[in-house]
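Chemist:
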Amino acid sequence: MALLNVRSLLNKTFLINDLILDRNLHRLLLTETWLSSDAPVVLTEVSPPDFNLNLSTRSSKRGGGTAFISSSILSAKPVLFDHFTTFEYTAAVFSSPQILCVTVYRPPKQSAIFIQEFSEFLSILHNSFERIILAGDFNLHIDNSSDPFSKEFLNILSYMDFSQHVTQPTHSRGHTLDLVITYGLSTSVSSVIDLAVSDHYCVFFSITSFIQLEPSVRTVRK
Numbered sequence: 001m002a003l004l005n006v007r008s009l010l011n012k013t014f015l016i017n018d019l020i021l022d023r024n025l026h027r028l029l030l031t032e033t034w035l036s037s038d039a040p041v042v043l044t045e046v047s048p049p050d051f052n053l054n055l056s057t058r059s060s061k062r063g064g065g066t067a068f069i070s071s072s073i074l075s076a077k078p079v080l081f082d083h084f085t086t087f088e089y090t091a092a093v094f095s096s097p098q099i100l101c102v103t104v105y106r107p108p109k110q111s112a113i114f115i116q117e118f119s120e121f122l123s124i125l126h127n128s129f130e131r132i133i134l135a136g137d138f139n140l141h142i143d144n145s146s147d148p149f150s151k152e153f154l155n156i157l158s159y160m161d162f163s164q165h166v167t168q169p170t171h172s173r174g175h176t177l178d179l180v181i182t183y184g185l186s187t188s189v190s191s192v193i194d195l196a197v198s199d200h201y202c203v204f205f206s207i208t209s210f211i212q213l214e215p216s217v218r219t220v221r222k
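The sequence shown maps to residues 1 to 222 in the UniProt record's numbering.
1. Does the distance from the C-beta atom of H200 to that of D143 stay below 9 Å?
2. On the DSSP bridge assignment, give the partners of I115 in chain order.
3. With 16 other CB atoms within 10 Å as the buried threshold, where does S186 fall?
4. If you drop the 5 nearest sequence neighbours on each side, which residues of the same chain put their C-beta closer than 6 Å to that of L182?
5. Pick helix, strand or coil for K222, following the three-state DSSP scheme.
6. DSSP beta-bridge partners for E88?
7. How is V197 classed by DSSP in three states: helix, strand or coil?
8. What residues in its chain sit with their C-beta under 8 Å from that of I115, if we drop five residues either side in the sequence?
9. Could you please give the first and the last residue of the uninterrupted alpha helix (DSSP H) stretch that includes I133?
10. Give the DSSP bridge partners of N11, in chain order.
11. Short of 6 Å in beta carbon distance, which residues of its chain neighbour R165, apart from the five on each side in sequence? Order them along the chain.
12. I need the boundaries of the alpha helix (DSSP H) containing S158, first residue and last residue.
Right, dumping it as structure tokens:
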């Protein structure tokens, strides 16, 4: 699997197609697709044969947009949760075994509401699925241990029993913005590579095993 902030999918369809084939990827999660609801048919070029493209178009005039491309043998069923104002997402449930996969993009503008909204989102997922992958560009400086916003974000993940696996810089300016977060899954980040596709690096990761967790219910109150 891999995660990449592509910064305009429309201009890089063949690059993404080649990335999937060259790296033998079964799932590729993309952020900042910059796609609007009237995206042209040329998007068929982005997926190799027997792959499916699931996407959520951007909610603003600039930036945004999330997607994932997956092999058709994985049988992905798109799923929609509540609408949130501080981040975008594309989600699907894969079967055999059941895993919820979510691509997330949070715009860089700071908002105190994000922590509240994302906590509510995690609570919904935590109470509904046993195995979860959340990956995307969160625009948080996770590498900065003194940043209070990042610390609060990581504390919420820990409280909900989610794990964050990326420890290397994922952006050309040296910050860790692109994260791979899982619940109920042992995950290994194999490499973080600058593919010269955008100012973000590509994060390659894999699921190594399933974790048996004690049943619990976490509720985040508004």
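Where is the CB? At the ideal position from N, CA and C, for every residue including glycine. For clarity, every value in this text was computed on a predicted model and none was experimentally measured.
Modeler: Let me lay it out:
1. Position 200 of the sequence shown, counted from the first residue, corresponds to residue 200. Position 143 of the sequence shown, counted from the first residue, corresponds to residue 143. For the 9 Å CB-CB criterion, H200 and D143 do not form a contact.
2. For this step, residue 115 is matched to residue 115 along the sequence shown. In the DSSP output, where bridge partners are listed per residue, I115 has none listed.
3. Taking the first residue of the sequence shown as 1, we reach residue 186 at position 186. Exposed: under 16 other Cβ atoms inside 10 Å.
4. For the purposes of this step, residue 182 is taken as the residue at position 182 of the sequence shown. For the sequence presented, residue 182 should be read as Thr rather than Leu. Taken in chain order, the residues that qualify are I133 and S163.
5. Counting from one through the sequence shown, the residue named residue 222 turns up at place 222. Residue placement at K222 is poorly supported in this model, since its pLDDT is 49, which falls under 50; the coordinates still yield a value, given next. Coil.
6. As a position in the sequence shown, residue 88 is number 88, starting the count at 1. Beta-bridge pairing links E88 to Y105.
7. Here residue 197 refers to the residue found at position 197 of the sequence shown. V197 falls in the coil class under three-state DSSP.
8. Counting from one through the sequence shown, the residue named residue 115 turns up at place 115. Taken in chain order, the residues that qualify are F149, E152, F153 and I156.
9. Against the sequence shown, residue 133 aligns to sequence position 133. Unbroken run through I133 is the beta strand (DSSP E), I132 to D137; no alpha helix (DSSP H).
10. Along the sequence shown, one-based indexing puts residue 11 at 11. DSSP, once it has assigned bridges, lists no residue as partnering N11.
11. Numbered from its first residue, the sequence shown carries residue 165 at position 165. Checking the sequence, you will find His at residue 165 rather than Arg. These residues qualify, in order along the chain: V180, T187 and V189.
12. The residue given as residue 158 occupies position 158 in the sequence shown. Start and end: P148 to Y159.
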